[in-house]
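Peer 1: This is the structure, below, for whatever I ask next.
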Amino acid sequence: MNKNIIFLGRNGQIANAFFEYYKSKKTQSLDNFNCKFYSSNDVDLGDLDAVKNFLKTLPSNIDMIVNCMGYTNVDKAEEEQELCDKINHRSVAIIADYCFNNHIKLIHFSTDYVFDGSGDEPFSEDNTKNLNPINFYGKTKLWAEQAIQKSGCDYVIIRISWIYDNRETSHNFVNTIKKLAKEKEFLNIVNDQIGSPTSADFVARNCFKIFNEALSGDKTSQQKFQRRILHLNNGKFMSWYDFACQIIAELKQNNAHLMIKKVLAIPSSQYKTKTPRPSNCRLKSKIHW
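In the working numbering, the protein residues as written are 477 to 765.
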């Protein structure tokens, strides 16, 4: 029997990757899913009443809701705290309660920013000592995790970091570097923030494997992904500086017309932002992706 999955956040990088991967039918296992995608035009997570009304319109045969929506502008989150909290936390709490009451599995995407960024060792899924976000965006994501766990619903919370996709319209580090490399001769990029650049395609591909097991009739597989927090990355860590150099090297290999002459490594103290970022964004995963 096919499983019915609802995706929220069609406009974003992650949900779009799910959509493209599902549409391509790259693996036979995708035939087991009936997937429907909703964008922010269909449901505004900043309007809590709209969220409740939207959930009332959903069919009764849903097996899973995958929430890819989120307020991700870290700097602006400090200025729009109420809106950020509604989108990242309070609406998620409503969705989690709905999933509990209707026996629906919830997949929710979180972030490395729930940690304080201290030290230089990767944070594991069961690390609670360092769950101390240093900015408001991170706080709302942690509150959402806690609301999901408190709801009693069956869930998988998937923490990811440094997401990018290949769409030219996406706001991500890759596109920013591509643009600046064509406009500037020198770039100053921080070298003391370490994380794992993760493509949205990588997330979609591996998450569909999770969905397949989580919704299977096999109890062992179901229990493997029952009320769990997972870290999803490729296990490779680098700085923003390293990542920028990698992007530019690939552009040069493809004979792109560039102005860039040199990428300069600088500490975060020399690159002022409105909002502090964690320096250690390493996530350790118990699962080998």
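Cβ atoms here follow ideal geometry from the backbone N, Cα and C, with glycine treated the same way.
1) So, helix, strand or coil for F612, using DSSP?
2) Sort out for me which residues DSSP pairs V519 with in a bridge.
3) Let me check understanding here. Comparing Cα to Cα, which of N478, Q489 and P673 lies closest to E644?
4) Once you ignore the five residues that flank F513 on each side, which residues in its own chain have a CB closer than 7 Å to its CB?
5) Mind checking which residues open and close the alpha helix (DSSP H) that includes V542?
6) What does H584 pair with, by DSSP beta-bridge criteria?
7) Give the C-beta separation of K581 and M540 to the nearest angstrom, bearing in mind that I take them to be a contact with Cβ-Cβ under 8 Å.
8) By Cβ distance below 8 Å, which residues in the same chain neighbour N543 in space, the five residues on each side in sequence not counted?
9) Going by beta carbon distance, what residues of the same chain come within less than 8 Å of P743, once the five residues before and after it are set aside?
10) Between Y574, I723, K737 and D602, which has its C-alpha nearest I538's C-alpha?
11) By Cβ distance below 8 Å, which residues in the same chain neighbour K615 in space, the five residues on each side in sequence not counted?
12) Using a Cβ-Cβ cut-off of 7 Å (strictly less than) and excluding sequence neighbours within five positions of N756, which residues of its own chain qualify?
13) Going by the CB atoms, is the gap between K479 and N508 shorter than 9 Å?
14) What did DSSP end up calling A732 once you bin it into helix, strand or coil?
15) Report the residue from H647, E601, K654 and A690 whose alpha carbon sits nearest the alpha carbon of I736.
16) I need the straight-line Cα distance from A526 to D520, nearest angstrom please.
17) Please tell me whether Y589 and N549 are closer than 9 Å, where the distance is taken between their beta carbons.
18) Roughly how many whole angstroms lie between the Cα atoms of N731 and K660?
19) In this structure, how does DSSP classify T674 when only helix, strand and coil are distinguished?
20) Can you find the residues in the same chain that come closer than 8 Å, C-beta to C-beta, to D510, ignoring five residues on each side of it along the sequence?
21) Count the other C-beta atoms from every protein chain shown that fall within 10 angstroms of the C-beta of N710, then say buried if there are 16 or more, exposed otherwise.
22) For the alpha helix (DSSP H) that F649 lies in, which residues bound it at each end?
23) Pick out whichever of N578, K685 and A493 has its Cα sitting closest to the Cα of L534.
24) I need the DSSP call for R681, collapsed to helix, strand or coil.
25) Any idea what DSSP makes of H465, helix, strand or coil?
Peer 2: In brief:
1) Within the sequence shown, the letter at position 136 stands for residue 612. The answer is helix: DSSP assigns F612 an H, G or I state.
2) The residue labelled residue 519 in the question sits at position 43 within the sequence shown. Answer by DSSP bridge pairing: none, since V519 is not bridged.
3) Start at 1 with the first residue of the sequence shown, and residue 644 comes out as number 168. Of the candidates N478, Q489 and P673, the one whose C-alpha sits nearest the C-alpha of E644 is Q489.
4) Here residue 513 is taken as the residue at index 37 of the sequence shown, counted from 1. The answer, listed in chain order, is F483, R486, A491 and F495.
5) Here the question's residue 542 lines up with position 66 in the sequence shown. No alpha helix (DSSP H) holds V542; the beta strand (DSSP E) holding it covers M540 to N543.
6) On the sequence shown, residue 584 is found 108 positions in, with the first residue counted as 1. Beta-bridge pairing links H584 to N543 and I633.
7) By one-based count along the sequence shown, residue 581 stands at place 105. By one-based count along the sequence shown, residue 540 stands at place 64. Contact holds; Cβ gap of about 5 Å.
8) Within the sequence shown, numbered from 1, the residue matching residue 543 stands at position 67. These residues qualify, in order along the chain: L484, G485, V568, I571, L582, I583, H584 and F585.
9) What you label residue 743 is simply residue 267 of the sequence shown in a count that begins at 1. Only V666, N667 and D668 meet the Cβ criterion.
10) Locating residue 538 in the sequence shown gives position 62, where the first residue counts as 1. Answer by Cα proximity: Y574.
11) Sequence index remark: in the sequence shown, residue 615 carries index 139 (1-based). These residues qualify, in order along the chain: P609.
12) Taking the sequence shown and counting its residues from 1, the one referred to as residue 756 is at position 280. Hits under 7 Å: G593, S594, G595, D596 and I670.
13) Here residue 508 refers to the residue found at position 32 of the sequence shown. Here residue 479 refers to the residue found at position 3 of the sequence shown. Cβ atoms of N508 and K479: closer than 9 Å.
14) Within the sequence shown, residue 732 is the residue found at index 256, counting from 1. Note: A732 maps to coil in three-state DSSP.
15) By one-based count along the sequence shown, residue 736 stands at place 260. Of H647, E601, K654 and A690, the residue nearest in Cα terms is K654.
16) The residue given as residue 526 occupies position 50 in the sequence shown. The residue given as residue 520 occupies position 44 in the sequence shown. Computed Cα separation, rounded: 6 Å.
17) The residue given as residue 589 occupies position 113 in the sequence shown. The residue given as residue 549 occupies position 73 in the sequence shown. Not a contact, by the Cβ cut-off of 9 Å.
18) Taking the first residue of the sequence shown as position 1, residue 731 is located at position 255. Taking the first residue of the sequence shown as position 1, residue 660 is located at position 184. In a straight line, the C-alpha of N731 is about 17 Å away from that of K660.
19) If you number the sequence shown from 1, residue 674 lands on position 198. Strand at T674.
20) Indexing the sequence shown from 1 puts residue 510 at position 34. The sequence given here has Asn at residue 510, not Asp. These residues qualify, in order along the chain: N478, K479, N480 and I481.
21) Against the sequence shown, residue 710 aligns to sequence position 234. When all chains shown are included, N710 counts as exposed.
22) Looking up residue 649 in the sequence shown gives position 173. From DSSP, the alpha helix (DSSP H) with F649 extends over F649 to A657.
23) For the purposes of this step, residue 534 is identified with residue 58 of the sequence shown, where counting begins at 1. With distances taken between Cα atoms, L534 lies closest to N578.
24) Taking the first residue of the sequence shown as 1, we reach residue 681 at position 205. It is helical.
25) The shown model of the chain, from 477 to 765, leaves out residue 465, and the question about it has no answer.
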